[in-house]
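Here is the structure we will look at, set down as structure tokens.
2 protein chains.
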Amino acid sequence: MRDVIALLCAGLLAAVAVAAADEPAPSMLGFDARDAAAQAKLESRFDAQLDPGELRDWLKRLSAEPNQVGSRHDKENAEWLLAKFREWGWDAHLETFYALYPTPKSETLELVAPTAYRAALHEPALPEPALPEDRSSGAAGQLPPYNVYGGDGDVTAELVYVNYGMPDDYQELERLGISVKGRIVLARYGGGWRGLKPDLAEQHGAVGCIIYSDPRDDGYWQGDVWPQGGWRPPFGVQRGSVERMQEYPGDPLTPGVPATQDAQRLPLDRARVLLHIPVLPISAQDAQPLLAALGGPVAPEAWRGALPLTYHVGAGPAKVHLAVSSDWTLKPVYDVIARIAGRSQPDQWVIRGNHHDAWVFGAWDPLAGTVALMAEAKAIGKLVKSGWRPARTLIYASWDAEEPGLIGSTEWVEAHAPELAEHAVLYVNSDTNARGFLQAGGSHALQVLVNQVAAGVRDPETGVPVRERLRAKLEVDGFDAHADAEKKELARRAQAGGDLPIAALGSGSDYSAFLQNQGIATLSLEYGGEDADAGIYHSAYDSFDHYVRFGDPQFAYGIALAQTVGRTVLRMADAPVLPLQFGGFAETVADYVRQLHQLADDKRSRTETLRQLLETRAFTLAADPLNPLRPPAQEDEVPYLDFAPLDNAVVRLKRSAQAYDAVAANALALSEARRAALDRLLAGQEHRLMDARGLPGRSWFQHMIYAPGLYTGYGVKTLPGVREAIEQRQWDVAQRYAVIVAQRLDDYRAGLDQAVAILKGQD
Amino acid sequence: MRDVIALLCAGLLAAVAVAAADEPAPSMLGFDARDAAAQAKLESRFDAQLDPGELRDWLKRLSAEPNQVGSRHDKENAEWLLAKFREWGWDAHLETFYALYPTPKSETLELVAPTAYRAALHEPALPEPALPEDRSSGAAGQLPPYNVYGGDGDVTAELVYVNYGMPDDYQELERLGISVKGRIVLARYGGGWRGLKPDLAEQHGAVGCIIYSDPRDDGYWQGDVWPQGGWRPPFGVQRGSVERMQEYPGDPLTPGVPATQDAQRLPLDRARVLLHIPVLPISAQDAQPLLAALGGPVAPEAWRGALPLTYHVGAGPAKVHLAVSSDWTLKPVYDVIARIAGRSQPDQWVIRGNHHDAWVFGAWDPLAGTVALMAEAKAIGKLVKSGWRPARTLIYASWDAEEPGLIGSTEWVEAHAPELAEHAVLYVNSDTNARGFLQAGGSHALQVLVNQVAAGVRDPETGVPVRERLRAKLEVDGFDAHADAEKKELARRAQAGGDLPIAALGSGSDYSAFLQNQGIATLSLEYGGEDADAGIYHSAYDSFDHYVRFGDPQFAYGIALAQTVGRTVLRMADAPVLPLQFGGFAETVADYVRQLHQLADDKRSRTETLRQLLETRAFTLAADPLNPLRPPAQEDEVPYLDFAPLDNAVVRLKRSAQAYDAVAANALALSEARRAALDRLLAGQEHRLMDARGLPGRSWFQHMIYAPGLYTGYGVKTLPGVREAIEQRQWDVAQRYAVIVAQRLDDYRAGLDQAVAILKGQD
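These protein sequences, in sequence, are chains G and A.
For what it's worth, my numbering labels the leading residue of the first sequence as 1, then goes sequentially.
For what it's worth, my numbering labels the leading residue of the second sequence as 1, then goes sequentially.
Below is the structure:
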């Protein structure tokens with residue numbers, strides 16, 4: 001099989017090179033035709049430096065030993081990366097922080113009733129078994145599976161199966177008449193951010209939380225399991241953080257300030273992002289006897305996984321003994337920071353990052369992204385050595401301690417906040433990377449730039465531009481007979497031609513502090529979606545051997561990512577005027593506002609229907625008396641909200657955005673001083689979307705357009721102050737934030753109006 | 001658990017009786033207030049005869065031994081039923097037919113490569129294992145699991161997993177580049193009628209067909225398995241017919257004529273409803289090693305079941321040896337026919353039936369329905385003995401040989417077609433029955449009658465009228481966040497108050513010949529939906545022991561069914577004018593026509609999108625080269641069809657239906673002669689929907705509004721001549737049938753206009 005792939009890819013890469021040489025200079029936002037041609041040549045020289053063989057070698061080295069925070073190899077990798085940056089001509093240094101990072105001392109999990117079962121991996125705590133097909137899997141230094149920031153504890157209690165452990169699941173439990181109070185919950189991975197599972201369990205009074213990987217979600221139901229296929233074997237375990245990152249990410253003890261050696265730290269019991277109950281991740285194999293021992297009602301259909309048993313909810317008769325104890329000391333965090341000063345605008349910084357710490361070996365997550373970043377850095381270093389210099393300053397960062405809570409990036413941002421506010425014009429992030437389709441998200445003022453870049457990078461497997469391959473994918477996904485409304489809408493937009501939409505960003509990687517805490521225009525760029533990494537995600541089998549079979553065997557997508565990010569970074573660094581456009585942003589926000597109207601309207605009519613059905617006892621009459629289900633709780637009426645401030649702000653924003661885009665090309669004819677003034681204005685646009693009060697109850701998150709959801713964890717909520725308030729039926733808050741968001745949009749619009757004035761010479 | 005149920009139900013039944021006594025005379029279509037009050041009293045006297053203890057005793061006796069066609073006990077049951085009818089005062093006789101009914105002589109199933117496995121139940125062929133909790137399960141006389149009307153054959157070939165084996169699945173196989181030609185298909189039960197699986201397999205060149213029950217569909221995934229719970233144990237097997245009933249049901253050798261002893265019979269090789277390839281039903285347990293041995297692509301998501309393995313499609317390397325040999329002799333079919341001649345309109349027949357043959361014991365299917373029918377017959381017999389006589393003639397039938405192909409009912413209908421055309425005014429069918437909700441389907445002119453009846457029968461579990469419980473269920477199902485458009489529409493109608501819609505009838509039970517071959521107004525009435533019978537459907541565990549735990553432990557729903565059918569039959573028999581109304585029918589047909597427009601429009605726009613996506617190679621670009629998927633085939637353009645004849649017919653139909661309903665009450669003041677003329681007109685209305693040419697390619701099906709789908713088997717297709725032609729892209733046929741259906745609707749409308757003329761004295 002690998003031979004076939006090799007042939008296929010070699011053939012396609014050759015075809016790509018030919019096609020690229022024949023191409024006319026691409027359209028480049030922020031460049032005139034002559035500059036664009038020069039930039040295209042620069043990009044060709046950049047491309048020529050990229051060598052998939054190097055990516056392979058680097059990945060092998062970086063993933064050879066366990067790389068968790070505080071491990072020997074993670075530090076070695078940081079030092080090696082530092083040396084590499086320096087070797088490639090970058091001005092690089094390590095920046096070290098000291099973060100709370102508990103590591104497991106002991107773990108116990110046993111079923112004590114109605115039968116006895118001792119979990120294979122937890123007494124004593126063991127890493128996952130070594131496999132001959134996975135050469136690193138037996139390496140020394142691995143920790144047993146754990147969920148970082150769960151509490152220490154030793155509890156014995158009845159078990160309740162809570163499905164994904166998300167808010168909807170607790171509503172269902174309520175209807176089933178089952179409480180988790182004083183009990184241990186068993187949740188399966190998926191359905192929302194892992195950290196919410198123990199958080200909600202704790203909020204509902206549970207005394208412990210076990211999280212397992214159901215084969216339905218990432219095991220044999222999805223495909224053949226490792227090492228036959230790529231999916232999670234029954235004995236694989238997903239590690240992961242359960243920090244309450246939706247409140248603030250980074251070091252739990254130093255919110256808002258850098259975790260330097262002498263930082264003022266919160267005492268453990270005042271760090272609101274830490275949980276109190278013990279939490280333990282387990283394998284499907286260890287979960288099966290627990291699930292089989294549960295009684296009570298049969299689990300609702302949507303709760304059932306792929307283990308060969310009837311899923312019951314409990315509570316009990318299964319009774320479980322769960323104990324976790326951790327080493328709660330601080331661990332060092334090594335960020336590698338490399339810089340090439342800008343030639344003409346050194347005070348504008350283009351920042352690019354990917355983390356290097358992993359749960360175990362981390363070949364996929366994050367080292368496949370790291371080796372693309374390295375290839376970019378090396379190629380840029382070569383360009384610099386040959387005499388070229390970027391107009392703006394480039395900063396390349398290899399973050400540490402992303403896995404426990406985006407710590408390396410967050411602490412660095414907190415350490416450099418004033419400079420970043422002044423200088424940063426872009427942050428580009430990646431994390432993992434693999435065969436497949438371009439996955440682009442970020443600030444919508446960058447949508448045109450991303451589309452132009454994506455139109456110029458060839459997909460290694462099909463030979464067409466990655467944008468056209470993505471367009472085909474969106475069209476085909478939307479054509480599926482079972483496509484949902486969102487997929488159909490994406491297909492419609494894809495088929496209409498023109499720019500493809502980029503996604504809004506929630507959280508789950510290092511861009512969060514840049515975008516949501518600092519208001520820096522941000523992109524996340526990766527490839528993937530063809531062979532899922534879910535099967536080895538956060539396990540000991542996220543290894544080099546797995547990656548070269550299922551990730552990107554030829555490192556062709558590593559090259560594609562380096563090309564994509566490289567072009568983005570170089571254009572951002574060299575463009576005479578920052579390559580932003582605003583029509584797409586305005587349309588996107590208009591769409592978000594439409595969604596808010598719809599959300600409130602749907603909620604209103606559903607609430608009214610619910611009231612009627614409760615009044616006529618419909619739920620009671622429809623229920624099976626032998627499998628009783630309580631009626632859902634009555635809900636308060638949904639008032640009509642005043643969306644006028646938002647609606648009006650959107651109209652003005654659209655008008656100003658169109659005005660800017662219409663005259664943007666004038667920039668290239670402006671005087672130096674005017675162009676600089678325009679550039680400063682543009683650099684500050686994203687920040688106008690920030691409100692210092694932050695989102696309701698979580699002031700660290702200050703971006704009024706994009707945030708991770710309070711109850712999704714990673715998943716984005718757009719216009720979050722209003723949207724989440726409606727979802728949580730906090731009508732006053734929704735109303736207040738509608739005004740705040742409108743103000744931010746108006747301020748953004750004012751920036752555009754000033755820019756237009758400069759462009760028209762009316763300033 | 002059973003004690004709790006007993007208490008609950010006893011309490012509720014007491015409450016019901018009280019409530020019923022307090023009630024005012026219900027509104028009764030076809031009766032004036034005085035007659036309605038008398039009829040209500042009659043219904044109370046009818047109710048008073050119903051005894052759940054008798055139903056229990058009868059069920060126990062009827063299900064004590066295997067009841068397949070040709071078995072000793074099936075014949076004994078027929079004779080015992082005959083004796084009972086006679087004991088209760090009915091004029092009863094046996095009507096015997098002789099039908100082709102092959103029974104298994106030998107069955108072989110083994111995996112011969114890449115490993116060897118001999119199916120537990122098939123070498124030698126065995127019935128399912130006896131269980132101590134299921135007292136009949138060890139009884140003598142059981143046949144091993146078989147699919148009646150599969151071919152004899154002995155084949156060894158590579159295996160292909162075809163999911164449900166439906167047309168969509170073959171399209172998917174095409175895209176995967178996998179052919180079943182010369183291979184044996186393994187299909188799971190579900191997704192469409194069983195008989196289509198081997199039929200389509202044969203059409204695609206397969207040499208054998210194995211059908212298994214996946215635990216996802218009716219086993220442990222759904223709930224606890226028998227004998228802990230009610231669902232199918234891994235060793236349970238679903239038997240069933242694979243006759244090509246969508247062409248014609250009944251005896252395969254005597255299409256259109258009764259299978260009397262001396263009937264002219266087709267030779268076996270000319271009976272188009274017989275298959276040629278061997279077919280065998282197997283258990284999940286026997287399917288698992290076969291599925292595990294398959295290679296090839298991983299099955300599409302929708303194809304995956306709940307066995308603990310990765311589902312692959314093949315073909316091979318699994319290779320299977322399948323052999324089936326049957327005894328192809330004729331077997332006797334014993335219909336029990338009982339009659340009470342009508343007092344004033346003996347020439348109008350109200351017919352009621354339920355079959356008595358089963359795959360094995362058949363406590364659920366069909367004997368739970370049979371005992372309700374018996375209770376009705378006994379109660380009616382008592383009323384007759386006390387001096388009452390129905391105005392119209394009642395015919396009660398206990399059919400034989402429904403399971404292999406609706407044979408007993410179809411042959412009887414074919415034997416009595418001329419009389420039926422002349423006399424039949426209603427056929428009411430039931431089949432199984434259990435706890436839950438009223439499931440009513442049939443001719444929409446009967447919708448008001450059904451609603452009035454359902455408003456007067458109390459649900460044993462909740463004490464409200466069964467109509468209101470059903471309304472609550474429809475409302476709650478539609479309120480579910482994941483409800484589809486159809487459920488939402490049903491909920492909307494339920495919430496609007498008034499009549500609940502009855503379903504259109506496809507096939508799968510004995511009403512088919514009455515409705516679709518003879519054009520007799522038909523109803524199917526059953527209760528169910530609370531504890532699924534799917535788990536033991538057509539297996540040896542469809543037993544008395546299972547039924548009294550999971551079907552209807554108190555036989556309260558047996559009583560409810562007897563009350564529901566009893567009222568329907570008695571009102572139909574006694575109403576001075578046949579209780580039909582037409583507004584609901586007209587609205588329903590209007591809705592069907594709207595659906596046709598939508599279907600054609602959707603198909604047109606999808607075809608156009610497909611053309612565009614093929615032109616831009618979108619499918620090729622979106623596909624994963626390592627998991628290739630061919631583009632779907634190009635489809636011919638969808639022309640605009642002329643629906644004007646239908647649209648115009650609907651407008652006229654609605655107008656005439658409203659006119660009839662508005663003056664229907666006049667009937668009670670008509671002269672005897674006029675009322676008789678009106679009644680004759682009404683009796684013939686349903687027949688006006690028949691077209692002697694039948695549906696395209698299947699002339700046995702002559703009803704132009706309702707038919708079982710050619711590619712759904714049991715599932716209904718409304719306006720089938722047009723709808724299926726559009727689905728199958730036969731534009732000319734669609735166009736032709738649009739005209740034919742419009743003519744039938746116009747003829748129906750003409751009948752209504754004549755009725756209105758009589759009612760207005762303008763005739």
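The beta carbon of each residue, even a glycine, is placed where N, CA and C say it ideally should be.
It should be emphasised that the depicted structure is a prediction, and the values quoted were computed from it without experimental measurement.
Buried or exposed, going by whether 16 or more other CB atoms sit within 10 Å of the CB of residue i?
| i | result |
| --- | --- |
| Asp454/G | A small fix is needed here, since residue 454/G is Ala in this sequence, not Asp. Looking at its Cβ environment, which holds 16 or more other Cβ atoms inside 10 Å, Ala454/G is buried. |
| Leu268/A | exposed |
| Glu475/A | buried |
| Gln452/A | buried |
| Arg467/A | buried |
| Gln634/G | exposed |
| Gly256/A | exposed |
| Val577/G | buried |
| Glu202/A | buried |
| Asp763/G | exposed |
If I follow the unbroken beta strand (DSSP E) through residue i, where does it start and stop?
| i | result |
| --- | --- |
| Phe85/A | It is not in any beta strand (DSSP E) - Phe85/A instead sits in the alpha helix (DSSP H) that spans 72-87. |
| Pro281/A | 279-282 |
| Tyr427/A | 424-429 |
| Arg188/G | 184-188 |
| Asp602/G | Premise fails: Asp602/G lies in the alpha helix (DSSP H), 583-615, not in any beta strand (DSSP E). |
Which same chain residues, not among the five before or five after residue i, have their C-beta less than 8 Å away from its C-beta?
| i | result |
| --- | --- |
| Gly141/A | Glu65, Pro66, Ser71, Arg72, His73 |
Excluding the five sequence neighbours on either side, which residues of its own chain have a C-beta within less than 6 Å of the C-beta of residue i, listed in chain order?
| i | result |
| --- | --- |
| Gly441/G | Ile502, Ala503, Leu505, Ser524 |
| Asp477/G | Lys487 |
| Thr522/G | Tyr427, Gly442, Ser443, Tyr511, Phe514, Leu515 |
| Asn666/A | Leu759 |
| Gly229/G | Gly223 |
| Arg749/G | Arg652, Leu653, Ser656 |
Suppose the cutoff is 7 Å on Cβ atoms and the five residues either side in sequence are ignored; what does the same chain contact list for residue i look like?
| i | result |
| --- | --- |
| Leu29/G | Val448, Leu449, Gln452, Pro579, Gln581 |
| Ala21/G | The predicted model places Ala21/G with a pLDDT of 40, which falls under 50 and marks its position as unreliable, so this point remains unresolved. |
| Val651/G | none |
Quiz item: Are the stretch 529-549 of chain G and the stretch 134-147 of chain G touching, with three or more C-beta to C-beta distances below 8 Å?
Solution: yes
Exercise. State whether the stretch 369-386 of chain G contacts the stretch 50-62 of chain G, with contact taken as three or more CB pairs (one from each stretch) at a distance under 8 Å.
Key: yes
Practice problem: Identify each residue in the stretch 75-90 of chain G for which the Cβ-Cβ distance to at least one residue of chain A is less than 8 Å, and report them in chain order. | Solution: none
Practice problem: Report the residues of the stretch 603-629 of chain G with a CB closer than 9 Å to any CB of chain A, ordered along the chain. | Solution: Arg606, Thr609, Leu610, Gln612, Leu613, Thr616, Arg617, Ala618, Phe619, Thr620, Leu621, Ala622, Ala623, Asp624, Pro625, Leu626, Asn627
Quiz prompt | Residues within the stretch 306-319 of chain G neighbouring chain A, beta-carbon criterion of under 9 Å | solution = Ala306, Leu307, Pro308, Leu309, Thr310, Tyr311, His312
Quiz item: Using 8 Å as the threshold, is the stretch 99-107 of chain A in touch with the stretch 324-336 of chain A, meaning 3 or more CB pairs across them?
Solution: yes
Quiz item: Quick one, which residues of the stretch 526-546 of chain A are near chain G if we go by CB-CB under 7 Å, in chain order?
Solution: Glu530
Quiz item: Do the stretch 236-246 of chain G and the stretch 172-184 of chain G make contact, defined as three or more Cβ pairs closer than 8 Å?
Solution: no
Self-check item: chain A contacts made by the stretch 474-492 of chain G, where a contact means CB separation under 7 Å
Solution: Glu475, Val476, Phe479
Self-check item: Meets three-Cβ-pair contact criterion under 8 Å: the stretch 397-409 of chain G and the stretch 456-467 of chain G
Solution: no
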